[in-house]
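In the working numbering, the protein residues as written are 20 to 168.
Where is the CB? At the ideal position from N, CA and C, for every residue including glycine.
A short write-up of the structure that comes next.
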């Protein structure tokens, strides 16, 4: 399997002065400098850091966004970040659709510290890896957060 697109999954509330933000930025930059396309959920935090890193590395960032059809029940969704200036947008209408689209588009998943959204994305990636073991897409857990998991 050829790897050309790397998904960055992680904490939407991550701030530019956080270690994880810097690590996502630097990782995306190096990957973009080496020709990889960066894929993320189009939101803030790790997602924006990945886009900024891709651009710093003169590469491309794809945002797979989620615009809920119903606002009720989506009060805690981070939304599309207007400061995440990705190059290409793929729109979805549900959280599950967005997650599945990220899993489909990316060739590998780089998973940073995060909350319930990140944990569910990790679970989906892990479940798909188990289901397709031997022909699965790689996933990497990045940072100290994962040492206890």
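Contact between the segment 132 to 151 and the segment 29 to 40 is present: three or more C-beta pairs spanning the two stretches fall below 8 Å. A check of alpha carbon separations from residue 22 across 55, 73, 162 identifies 55 as the nearest. Looking at the backbone, the Cα of residue 59 and that of residue 45 are separated by about 15 Å. Taking C-beta separations shorter than 7 Å and ignoring five residues to either side along the sequence, residue 153 has no partners in its chain. When the Cα atoms are used, residue 117 and residue 86 turn out to be separated by approximately 9 Å. Annotation for residue 140: 28, 118 place their beta carbon closer than 6 Å to its own, counting only its chain and skipping 5 residues before and after.
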